[in-house]
Amino acid sequence: MMVDHVQSLARGLAVIRAFSAAEPELTLSQVARTTGLSRAAARRFLITLADLGYVRSDGRLFSLTPRVLELGYAYLSSLSLPEVADPHLERLAAEVHESASVAVLDGEDVVYVARVATARIMRVTINIGTRFPAYCTSMGRVLLSALPPDELDAYLARTELRRLTSHTIVLPAALRAELDQVRGRGWAMVDQELEEGLRSIAAPIRDRSGRTVAAVNVSTHASRTTLQQAGRELLPPLLATAAKIEADLASLSVARA
65 MMVDHVQSLA RGLAVIRAFS AAEPELTLSQ VARTTGLSRA AARRFLITLA DLGYVRSDGR
125 LFSLTPRVLE LGYAYLSSLS LPEVADPHLE RLAAEVHESA SVAVLDGEDV VYVARVATAR
185 IMRVTINIGT RFPAYCTSMG RVLLSALPPD ELDAYLARTE LRRLTSHTIV LPAALRAELD
245 QVRGRGWAMV DQELEEGLRS IAAPIRDRSG RTVAAVNVST HASRTTLQQA GRELLPPLLA
305 TAAKIEADLA SLSVARA
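65 is the number of the first residue of the sequence shown in my numbering; add one for each residue after it.
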């Protein structure tokens with residue numbers, strides 16, 4: 065471990081990350097189990113976070129307060145991507161009548177930074193900040209395919225490829241082959257690997273230097289859109305939207321230079 069690593073800060077952040085959309089309320093024992101902390105240590109961190117206004121408790125269950133949004137506000141407020149992407153996502157969603165999103169890669173996950181939803185097609189609600197495993201999502205595969213070889217090797221070495229549905233690719237060699245295809249054709253399509261019935265198609269968003277900084281996708285339900293339809297009807301407007309977002313980001317970059 066690095067000499068300057070502050071373990072108590074890391075543990076406090078782990079307590080915050082223990083809460084999720086699926087588990088917005090947790091008992092002390094659940095927090096301890098999720099974070100790997102002792103009950104005594106988890107209790108100290110929860111009490112501290114409660115004193116600071118980031119956590120509330122009814123005496124048994126703990127939950128986050130809206131104040132935790134302050135922790136990400138500096139990043140989001142300095143990030144021009146969501147502001148640039150939003151109007152393009154609105155037009156894309158209106159054109160294809162499906163939900164559209166933009167995400168970035170953070171560790172092993174994709175994190176949603178912009179979204180326009182037309183209908184709920186997943187069991188969980190997707191909001192800004194929602195995270196999904198990168199390996200089984202269309203935006204994740206676009207972003208993984210753009211990684212330098214050594215970074216992709218490191219990702220595959222540390223990431224457990226769990227089978228979330230019967231369609232999920234879980235063999236590293238098979239995932240590498242799929243990423244090669246994504247890299248070659250410039251877009252990714254994932255068929256029911258994250259959740260049964262969910263299909264999505266994604267394209268990269270690049271900066272002025274050509275570096276992939278984010279991905280944009282359209283998601284649909286398998287019952288109303290075949291793979292062939294997705295490629296024929298969703299891909300062209302998706303690629304056009306990615307190009308428009310890139311153009312706006314480039315213009316913004318020039319204006320700030």
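C-beta: ideal position from N, C-alpha, C; glycine also. On a predicted model such as this, the values are computed, not experimentally measured, just so you know.
Query raised in the report: Which whole-angstrom value is the C-beta distance of residue 114 and residue 120, which I expect to be below 8 Å?
Result: Taking the sequence shown and counting its residues from 1, one reaches residue 114 at position 50. Taking the sequence shown and counting its residues from 1, one reaches residue 120 at position 56. Contact holds; Cβ gap of about 7 Å.
Exercise. Count the other CB atoms, across all protein chains shown, that sit within 10 Å of the CB of residue 202; report buried if there are 16 or more and exposed otherwise.
Key: Residue 202 sits at position 138 when you count from the first residue of the sequence shown. Buried, by the Cβ-count rule.
Next item on the list: Can you have a look at residue 222 and say buried or exposed, based on whether 16 or more other CB atoms are within 10 angstroms of its CB?
Entry: Here residue 222 corresponds to residue number 158 of the sequence shown, with the count starting at 1. When all chains shown are included, residue 222 counts as exposed.
**Asked** Do you know whose CA, among 283, 84 and 292, lies nearest residue 180's CA?
**Response** On the sequence shown, position 116 is the one that residue 180 refers to. Checked all of 283, 84 and 292; the closest Cα to residue 180 is 283.
Cβ shell of residue 256 (< 7 Å), same chain only, five flanking positions each side left out
Taking the first residue of the sequence shown as position 1, residue 256 is located at position 192. Here the set comprises 229, 231, 262, 263 and 286.
> Got a sec, what are the start and stop residues for the beta strand (DSSP E) residue 230 sits in?
Replying inline: The count along the sequence shown starts at 1 and reaches residue 230 at position 166. First-last for residue 230: undefined, no H or E at that position.
Practice item. Could you give the DSSP three-state label for residue 199: helix, strand or coil? Key: One-based indexing of the sequence shown puts residue 199 at position 135. DSSP places residue 199 in helix when its eight states are reduced to three.
Margin query: With a threshold of 8 Å, are at least 3 pairs of Cβ atoms found where one atom belongs to the stretch 267–276 and the other to the stretch 203–213?
Written below: yes
Smallest Cα separation from residue 307: which of 116, 267 and 294? By one-based count along the sequence shown, residue 307 stands at place 243. Checked all of 116, 267 and 294; the closest Cα to residue 307 is 267.
- Can you find at least 3 beta carbon pairs, one from the stretch 84–93 and one from the stretch 123–132, that sit closer than 8 Å? yes
Report all residues from its chain with a CB closer than 7 Å to the CB of residue 260; omit the five preceding and five following residues, and keep chain order. Against the sequence shown, residue 260 aligns to sequence position 196. Excluding residues within five positions, the ones whose Cβ falls inside 7 Å are 229.
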